[in-house]
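Counting with this note's numbering, you get residues 9 to 214 for the letters of the sequence shown.
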Amino acid sequence: MEIIRIPAGIYAANCYLVYDEDTKEGIAIDPGGDVDDIINKIQELDLDIKYIVLTHGHGDHIAGVEGLKDYTNAKIAVHKDDGPMVRDGNKNLSSRMAMGTVEFEPDILLDEGDLIKFGNLSAEVIHTPGHTPGGISLKIGDALFTGDTLFAGSIGRTDFEGSSFESIINSIKTKLITFPDDTRVFPGHGPATTIKREKSYNPFLR
Ligand SMILES: [Zn+2]
Ligand SMILES: [Zn+2]
């Protein structure tokens, strides 16, 4: 498994390309803009992107979805509870962001425990609500992609409509920090971390 991080868009949301180096099949997680940068990387590595998977429906994570779909013809997958968000620029906040309104129809509505298969890899969908109702984390091998749920040293905001501080803490404590200490964590913004580091140092999880 290879993981490429491309901070994209005006809010520097991390877009991750995760792929199987044998088959070159992969997924793109959260293309938040700067589609040309993402496509250049896909071309450089000669990847076949099968799915565009969204950790949640916020504008800063989805602004590049349509451009990337046009190029890759990949299927767009989002948790069913954030489906209404990607269809509505007011709900996904893009109508109030600098990139302008982003609205599209997802191809696949995800649920807890779903497996997204590509190459010899599979991504397990872990429903981690709190930042948004349909927020997910993805477990692929020893890597955990946490979107805006868990950051290095912090957690996602819960002051949006539909957010819940209680839910995000519950999601992290019952579904994320239960993974082995050496699990690598790739958040929606900022640098990577590990479960062990977050258990030890994240002030929200003490
Ligand atoms: Zn967000
Ligand atoms: Zn974000």
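Just so you know, even glycine gets a beta-carbon here, dropped at the ideal spot from N, CA and C.
At a cut-off of 6 Å, is residue i close to ligand 1 when judged by its beta-carbon and the heavy atoms of the ligand?
{"i": "H66", "result": "yes"}
{"i": "D156", "result": "yes"}
Residue i: beta carbon under 6 Å from a heavy atom of ligand 2?
{"i": "G91", "result": "no"}
{"i": "G196", "result": "yes"}
{"i": "A21", "result": "yes"}
Which one of the options has the shortest CA to CA distance from residue i?
{"i": "T191", "options": "K181, K204, I180 and H197", "result": "K204"}
{"i": "N178", "options": "I163, D167, D189 and P188", "result": "I163"}
{"i": "E29", "options": "S208, H135, D189 and F126", "result": "F126"}
{"i": "I84", "options": "I35, G143 and G198", "result": "I35"}
{"i": "P15", "options": "K32, V86 and I37", "result": "I37"}
{"i": "F173", "options": "E132, Y59 and T136", "result": "T136"}
{"i": "I116", "options": "V94, K181 and I180", "result": "V94"}
{"i": "I47", "options": "T31, T63, L25 and K32", "result": "L25"}
{"i": "I60", "options": "L158, K181 and L146", "result": "L146"}
{"i": "D45", "options": "T31, Y79 and S208", "result": "Y79"}
{"i": "V6", "options": "T31, K77, S208 and E111", "result": "Nothing in the structure corresponds to residue 6, since the chain is present only between 9 and 214."}
{"i": "F153", "options": "G196, N128, L129 and G91", "result": "G196"}
{"i": "H69", "options": "P92, R13, K88 and P39", "result": "P39"}
{"i": "Y209", "options": "F159, D167, F187 and T166", "result": "F159"}
May I ask you to list the residues that DSSP assigns as paired with residue i?
{"i": "S162", "result": "F159"}
{"i": "L117", "result": "V86"}
{"i": "R214", "result": "Paired residue(s): none; R214 is not in a bridge."}
{"i": "A21", "result": "A16"}
{"i": "I37", "result": "Y24 and V61"}
{"i": "D56", "result": "E33"}
{"i": "S103", "result": "Paired residues: none, contrary to the question."}
{"i": "K147", "result": "E132 and L152"}
{"i": "I124", "result": "A131"}
{"i": "F194", "result": "F153"}
{"i": "E74", "result": "Beta-bridge pairing links E74 to no other residue."}
{"i": "T201", "result": "V193"}
Would you kindly work out how many angstroms separate the C-alpha atoms of residue i and residue j, rounded to a whole number?
{"i": "G67", "j": "G161", "result": "23 Å"}
{"i": "I185", "j": "E10", "result": "23 Å"}
{"i": "G170", "j": "G142", "result": "10 Å"}
{"i": "A71", "j": "H139", "result": "18 Å"}
{"i": "D189", "j": "P211", "result": "17 Å"}
{"i": "D119", "j": "V86", "result": "9 Å"}
{"i": "G75", "j": "A82", "result": "11 Å"}
{"i": "T201", "j": "A151", "result": "10 Å"}
{"i": "F194", "j": "G65", "result": "18 Å"}
{"i": "G198", "j": "N22", "result": "7 Å"}
{"i": "E113", "j": "K49", "result": "25 Å"}
{"i": "I134", "j": "I124", "result": "12 Å"}
{"i": "L101", "j": "T157", "result": "17 Å"}
{"i": "S103", "j": "G97", "result": "5 Å"}
{"i": "K207", "j": "E111", "result": "37 Å"}
{"i": "A20", "j": "R13", "result": "11 Å"}
{"i": "K183", "j": "S175", "result": "11 Å"}
{"i": "L129", "j": "K181", "result": "26 Å"}
Is residue i close to ligand 4? I mean its beta-carbon at under 6 Å from any heavy atom of the ligand.
{"i": "A131", "result": "This structure lacks ligand 4; the ligands present are ligand 1 and ligand 2."}
May I ask you to verify whether the stretch 43-57 touches the stretch 106-120, counting CB pairs closer than 8 Å and requiring at least 3? no
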